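Novice: Numbering (my numbering), first residue to last: 1 to 627.
#1: Consult DSSP for residue 567 and reduce its assignment to one of helix, strand or coil.
#2: Tell me which residues share the same chain as residue 328 and place their Cβ nearer than 6 angstroms to its Cβ, disregarding the 5 neighbours each side in the sequence.
#3: Secondary structure at residue 227, three-state DSSP: helix, strand or coil?
#4: Pick out whichever of 406, 361, 363 and 368 has its Cα sitting closest to the Cα of residue 378.
#5: Below 8 angstroms CB to CB, which residues in the same chain sit around residue 344 once its five sequence neighbours on both sides are set aside?
#6: Does residue 218 pass the burial test, meaning 16 or more other C-beta atoms within 10 Å, or should it be called exposed?
#7: Return yes when the Cβ of residue 554 is within less than 9 angstroms of the Cβ of residue 570, no when it is not.
#8: DSSP beta-bridge partners for residue 48?
#9: Any chance the segment 282–302 sits against the segment 103–121, with 3 or more Cβ pairs inside 8 angstroms?
#10: For residue 281, count neighbouring C-beta atoms within 10 Å of its own C-beta (all shown protein chains included) and say buried if the count is 16 or more, exposed if not.
#11: Go ahead and pull the three-state DSSP assignment for residue 212.
#12: For residue 212, which residues in the same chain have their Cβ closer than 7 angstroms to its Cβ, ignoring the five residues on either side in sequence?
#13: Ends of the alpha helix (DSSP H) at residue 339?
#14: Please name the residue or residues paired with residue 407 in a DSSP beta bridge.
#15: Candidates 19, 93 and 331: which alpha carbon is nearest residue 278's?
#16: Can you tell me whether DSSP reads residue 547 as helix, strand or coil?
#17: For the alpha helix (DSSP H) containing residue 609, list its first residue and its last residue.
#18: What separation, rounded to the nearest whole angstrom, lies between the Cα atoms of residue 550 and residue 573?
#19: Provide the residue(s) that pair with residue 589 in DSSP beta bridges, ordered along the chain.
#20: Tell me whether the segment 537–552 and the segment 597–614 touch, counting them as touching only if at least three CB pairs, one residue from each stretch, are closer than 8 angstroms.
#21: Among the residues of its own chain, which have a CB less than 7 angstroms from the CB of residue 276, if the five just before and after it don't count?
#22: Spatial neighbours of residue 583 within its chain, please: C-beta separation below 8 angstroms, excluding the five flanking residues on both sides.
#23: Assuming residue 109 and residue 21 form a contact by the criterion Cβ under 8 angstroms, report the distance between their Cβ atoms to the nearest whole angstrom.
#24: Can you check which of these residues, 368, 518, 66 and 202, is closest to residue 652 by C-alpha distance?
#25: Which residue from 355, 52 and 239 puts its Cα closest to that of residue 91?
#26: For the segment 62–80 and the segment 5–15, state whether three or more C-beta atom pairs, one from each stretch, are separated by less than 8 angstroms.
#27: By how many angstroms is the C-alpha of residue 484 removed from the C-alpha of residue 508?
#28: Among 505, 609 and 597, which residue has its Cα nearest to the Cα of residue 521?
#29: Helix, strand or coil for residue 64 per DSSP?
#30: Need the endpoints of the alpha helix (DSSP H) that residue 122 sits in, please.
#31: Do three or more CB pairs link the segment 119–126 to the segment 27–39 at distances below 8 angstroms?
#32: Is residue 340 buried or exposed, if buried means 16 or more other CB atoms sit within 10 Å of its CB?
#33: Note down, in chain order, each residue of its chain lying with its Cβ closer than 8 angstroms to the Cβ of residue 476, except the 5 sequence neighbours on either side.
#34: Comparing C-alpha positions only, which one of 577, 261 and 250 sits nearest to residue 106?
#35: Whose C-beta lies closer than 7 angstroms to the C-beta of residue 347 among residues of the same chain, with five residues either side of it excluded?
#36: If residue 361 and residue 254 are in contact, beta carbons under 8 angstroms, what's the gap, nearest whole angstrom?
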């Protein structure tokens, strides 16, 4: 379908009367702050904040987004004008992934595109806190139902009306029933009423059940001081399911970056925490790379921040509350959350998807702060009775620490710099994981393609050409990260698996008709970043031959003649009797060969086999003292 407003924008760009800059980011990554800061440049005439946010209200309608951009520029008045305008457009990555709209949108500029990232542990935490805070200001139908059900179960009463018959609730309830009757609803359906009074009453009653005074009180204590997001798991599930899983912020951002790589469009990646450590340097560097003017008021500004955010309702304005009250870029003072702080339904997603993508994009980021300076950066942390134990658990303070403001080194508390564009640092366990900060090793996380597929996210169309793998030394210790193509080109050591599969008759399965026109092992492939050998073996076996079976480990070795940089681990197994071969793009054909005959052919006719097969079988023969 032709997009009228997209074509009008293209026309103005072609005529040289419209210059566009883009900011693309996941939610809660300080992108609106940076949008505002850049808008203060004399080179920016107009700002358009998240034009596509309304395009997904029902069905995705890109026309809505382009019309908003067009209207922000002045509409028909701008169309009929010959004056040149520069517009800064900020958008969340998840809105653009629908129908690959980012391809149309980003085609409007030849300027560098600004990609922003922030550690997912911080972005998710920020979203949780804003959601819990804003619930008090907005009636949520599904939340009402959950709370009513909760009270009924707690009181052992099936009928929630009986379980909640209290004087204060009674008047609210009767009002809701009267309202519902006007709408043609039965009294037992009253919970679908959007009345804010009922909603607030239920939230407060829920908090009182746990000996808190109100919903605000329980959120303040549990979420803000105890970091116990698990306590709110069911409530968050209701409110985060759509936003957290379907919006797919980091997945969509990776997809957009992969597109920019393929299309050779210029872009820069910045971690917004760098801004909070070195504001002046950070903003100056962005301005230089985007070729827009810098001024001192971009670091310290006066007057009220005004951004057309579409967040006009009271419960949505809370998402920008801190921004509206700010006059400068604040230092990072947050006590970091650990992965275990989050509800279980989030942890797997953060660990298997968001963190690995963050790691990948961090390898592309523009470096602002050097590691030495970063580690010496000081944070002021407010040590209060309610957070002292947590700070002790994190290793930041000890029992002798007095209450009040305490200065600590960033390296002791900061979970943000778990990844780096300096690959040489990736073998440093303290640097990789900040174990004392959030108790996981990022080096053990992986971009699990199977997980993404089974979660219904394969529509994003991941490029498996960019297969990220661990680099290892001669002792098989991880020392870095790269992609498979680079590793092969530079002959860098990395992990691979090989599998010898046999049928019931003892014949070995070999792949034939490969791209090398040589016979290959039953199964072989790279161990992905953070993956162990065994998991990789099972994954490759299923991907190549759709086989699931028990595997036994034979040996792990580094070949003497190693042109590809492979550090092998070899497994063996038996194919299921009912298994039938299906041709795939990767595996064209298989043959079954008596194993003894196979060993003879490897010895006498080595030109029939790949170098990997020769290395593996030579090692097999050596280990088993076979001549």
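For each residue, glycine too, the CB sits at the ideal point set by N, CA and C. All values reported here derive from a predicted model rather than from experimental measurement.
Specialist: A quick look at the data gives this:
#1: strand
#2: 300
#3: coil
#4: 406
#5: 230 and 233
#6: buried
#7: yes
#8: 89
#9: yes
#10: exposed
#11: coil
#12: 218 and 221
#13: First-last for residue 339: undefined, no H or E at that position.
#14: 380
#15: 331
#16: coil
#17: Note, residue 609: premise wrong, no alpha helix (DSSP H); not H, not E.
#18: 6 angstroms
#19: 512
#20: no
#21: 329, 330, 331 and 332
#22: 589
#23: 7 angstroms
#24: Because the chain spans 1 through 627 in this model, residue 652 falls outside it and cannot be assessed.
#25: 52
#26: yes
#27: 28 angstroms
#28: 609
#29: helix
#30: 120–134
#31: yes
#32: exposed
#33: 495, 556, 558 and 567
#34: 261
#35: 339
#36: 7 angstroms
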